[in-house]
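Note that the protein sequences, when read in sequence, are chains A and B.
Residues 1 to 310 in the working numbering are what the first sequence spells out, letter by letter.
Residues 1001 to 1105 in the working numbering are what the second sequence spells out, letter by letter.
Every residue gets a Cβ at the ideal spot worked out from N, C-alpha and C, and that includes glycine.
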Amino acid sequence: MEFKDYYKILGVERTATADEIKKAYRKLARTYHPDVNKEPGAEARFKEISEAYEVLSDPQKRAAYDQLGRRWQAGEEFTPPPDWAAGFEFSPGRFSTEEAADFSDFFSSLFGNFTRRASGGRVRGEDRHAKIVIPLEDAFHGATRTITLRVPDLDAQGRVSLREHTLKVRIPKGIREGQLIRLAGQGAPGSGGAPGGDLYLEVHFDSHSLYRVDGHDLSLTLPITPWEAALGATVKAPTPTGVVEVKIPPGSRSGQKLRLKGRGIPSDPPGDLYLVLEVVLPPADTERARQLYRMMAQELAFNPRQELGV
Amino acid sequence: MEDDVLTGSIVGYEDVLTVEEFARACHAEVRWVAELVEVGILAKRGHDQAAWRFCAADLACARRAARLQRDFEASIETVAVMLDLLNEIDRLRERLRRAGLDADG
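Have a look at this one:
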């Protein structure tokens, strides 16, 4: 495992005061906090910053870390010396076991056994949260999905490590983006015979090549020809449950929406499917096609710029 | 046992979580949940805490509040302002997305 230079991560000198450390952390938090900064990479960077601050903001942890720090450089191969923290007493941190498990191995090898946790006795396990990304089709037909989560484990010494937890979960028909599937007892195990916590799976849909999701409604861009738009027509349109025929009213324009009631996600109540019309011009790539365009130009007195006064 | 298919209960748009369940899911105390209601981060509810129920959006909001409070060492009132502004940004981004525009594009 690599030695981490927490001072470098926060961009402060080793001699920085507690106040300087706090200021440096707050400035970085404003830039990289994942609730503020949606850029990819911000979250990983913020975890590193949180971890550094967790150590350097706590006088005991900082003193113990400083003792080590004199002997190692950032990135150097590191193994904690035996009894490295002798003489120090650490207070529990600000993070739950679940959150602290995201910290580096370096952190967990040093401070892992001092994360916040209830002390002994019969204690219910912590609830846990995870996001799952499923195909939109699951909402229409229901499915069983196998998911693998990395979950923190506390060993006998209270040290945190990650292990893989594989679950088979039923995805109910009608599930919607942002809903939670709550699995009782699948969170952290309890201690002293107490029940485990619950696992909350937050559902997200994979982006779909055809449909856009908005709550329980879907929308689909439906290309139509100029004559279908002008004269009206009955055309075929795909839906997640099969092809349907829809009537395009005469005089339709690009951007107009046709609502297919109840053809959205089959929740209770079911959502709708919106067809957003897009008039597509046939290419003028043959002599015959060009001739037809020229004929329209001659025979239709049409000025689309009339309202612009030109 | 791991091969068994698990069936969960759905927490969606309807208020189903009790205040104890909700607090546990936030790794917090019931008292803290009551503070969120008090400052308006969560919608006002009646006096009888035992009758309070919460939905998925409430949970997302409260967990966000907990992160902001801890990471910025902010008061709950400050978090309420931050959340108002962040939610407003989310709403505007969503409108841009629907209009086919990307806020960062």
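Q.
Can you check which of these residues, A:Y200, A:L218, A:W72, is closest to E1021 of chain B by C-alpha distance?
A. A:Y200
Q. Cβ of I171 of chain A less than 7 Å from any chain B Cβ?
A. no
Q: Tell me whether the beta-carbon of V169 of chain A lies closer than 7 Å to the beta-carbon of R150 of chain A.
A: no
Q | Local Cβ density within 10 Å of Y333 of chain A, reported as buried at 16 or more and exposed below that | A | The question about residue 333 of chain A has no answer, for chain A in this structure spans 1 to 310.
Q. DSSP on Y200 of chain A, reduced to helix/strand/coil?
A. strand
Q: Take A1023 of chain B as the anchor and find which of B:R1091, B:F1072, B:D1058 has the nearest alpha-carbon.
A: B:D1058
Q.
Quick check: what's the CA-CA separation for E1029 of chain B versus K261 of chain A?
A. 44 Å
Q. Any idea what DSSP makes of V1033 of chain B, helix, strand or coil?
A. helix
Q: With a threshold of 16 other CB atoms inside 10 Å of the CB of Y321 of chain A, please say whether the residue is buried or exposed.
A: Summary: the structure shown does not reach residue 321 of chain A, with chain A confined to residues 1 through 310, and so no result is reported for it.
Q | Helix, strand or coil at T166 of chain A according to DSSP, with G and I counted as helix | A | strand
Q) With respect to the beta strand (DSSP E) encompassing T274 of chain A, which residues constitute its N-terminal and C-terminal limits? A) Sequence inspection shows Tyr at residue 274 of chain A; the Thr mentioned does not correspond to that position. Run containing Y274 of chain A: 273–279, per the beta strand (DSSP E) assignment.
Q: Determine the chain B residues that contact H33 of chain A at a beta-carbon separation under 7 Å, and present them in chain order.
A: D1071
**Q.** A1065 of chain B - containing beta strand (DSSP E), residue span
**A.** Not the beta strand (DSSP E): A1065 of chain B falls in the alpha helix (DSSP H), residues 1056–1071.
Q. Sorted by chain position, which residues of the same chain lie with C-beta nearer than 6 Å to A130 of chain A's C-beta, five sequence neighbours on each side aside?
A. L149, L201
Q: Using the Cα positions of W1052 of chain B and R1045 of chain B, report the straight-line distance between them to the nearest angstrom.
A: 7 Å
Q | Expected contact under 8 Å - CB spacing of Q316 of chain A and F88 of chain A to nearest Å | A | Beyond the ends of chain A as shown, which are 1 and 310, falls residue 316 of chain A; an answer cannot be given.
Q: Name the residue from A:G178, A:A230, A:G121, A:G197 whose alpha carbon lies nearest to the alpha carbon of R253 of chain A.
A: A:A230
Q | Minimum C-alpha distance to T225 of chain A - residue among A:A233, A:H165, A:L218 | A | A:A233
(Q) Looking only at its chain, what residues have a beta carbon closer than 8 Å to the beta carbon of L1100 of chain B, apart from the 5 residues adjacent to it on each side? (A) According to the sequence shown, residue 1100 of chain B is Gly rather than Leu. If we look at G1100 of chain B and ignore the five residues flanking it on each side, it has no Cβ neighbours.
(Q) With a threshold of 7 Å on Cβ separation, who are the neighbours of G174 of chain A within its own chain once the five nearest residues in sequence on each side are excluded? (A) A139, I265, P266, S267, D268
Q: Measure the Cβ-Cβ separation of G11 of chain A and A29 of chain A and say whether it is below 7 Å.
A: no
(Q) For the segment 299–306 of chain A against the segment 242–250 of chain A, do three or more pairs of beta-carbon atoms, one drawn from each stretch, fall closer than 8 Å, so that the two count as touching? (A) no
**Q.** Of the listed residues A:F106, A:R182, A:I49, A:L136, nearest to H208 of chain A (C-alpha basis)
**A.** A:L136
Q. Straight-line CA distance for A143 of chain A to I134 of chain A?
A. 10 Å
Q) In whole angstroms, what separates the C-alpha of R1013 of chain B from that of C1055 of chain B? A) In the sequence on display, residue 1013 of chain B carries Tyr and not Arg. For Y1013 of chain B and C1055 of chain B, the distance between alpha carbons rounds to 6 Å.
Q: To the nearest angstrom, report how far apart A52 of chain A and E126 of chain A are at their CA atoms.
A: 24 Å
(Q) I need the boundaries of the beta strand (DSSP E) containing L1086 of chain B, first residue and last residue. (A) Where L1086 of chain B is concerned, there is no enclosing beta strand (DSSP E), although the alpha helix (DSSP H) it sits in stretches over 1076–1098.
**Q.** C-alpha gap between A1050 of chain B and R182 of chain A, whole angstroms
**A.** 21 Å
Q. Bridge partners of I265 of chain A, per DSSP?
A. Partner(s): none; I265 of chain A has no beta bridge.
Q.
Under DSSP, the alpha helix (DSSP H) around S109 of chain A begins and ends at which residues?
A. 105–111
Q. Given that a residue counts as buried once 16 or more other Cβ atoms are within 10 Å of its Cβ, and exposed if not, what is G41 of chain A?
A. exposed
Q: Look up A130 of chain A in the DSSP assignment and say whether it is helix, strand or coil.
A: strand
Q. In chain order, what residues of the same chain have a beta carbon less than 7 Å from the beta carbon of L1092 of chain B, not counting five sequence neighbours either side?
A. none
Q: List the whole-angstrom C-beta distance separating M1 of chain A from F78 of chain A, where the pair is believed to meet the contact cut-off of C-beta under 8 Å.
A: 6 Å
Q. Looking at the structure shown, is Y65 of chain A part of a helix, part of a strand, or coil, going by DSSP?
A. helix
Q. Is R14 of chain A closer than 7 Å to Y32 of chain A when the C-beta atoms are compared?
A. no
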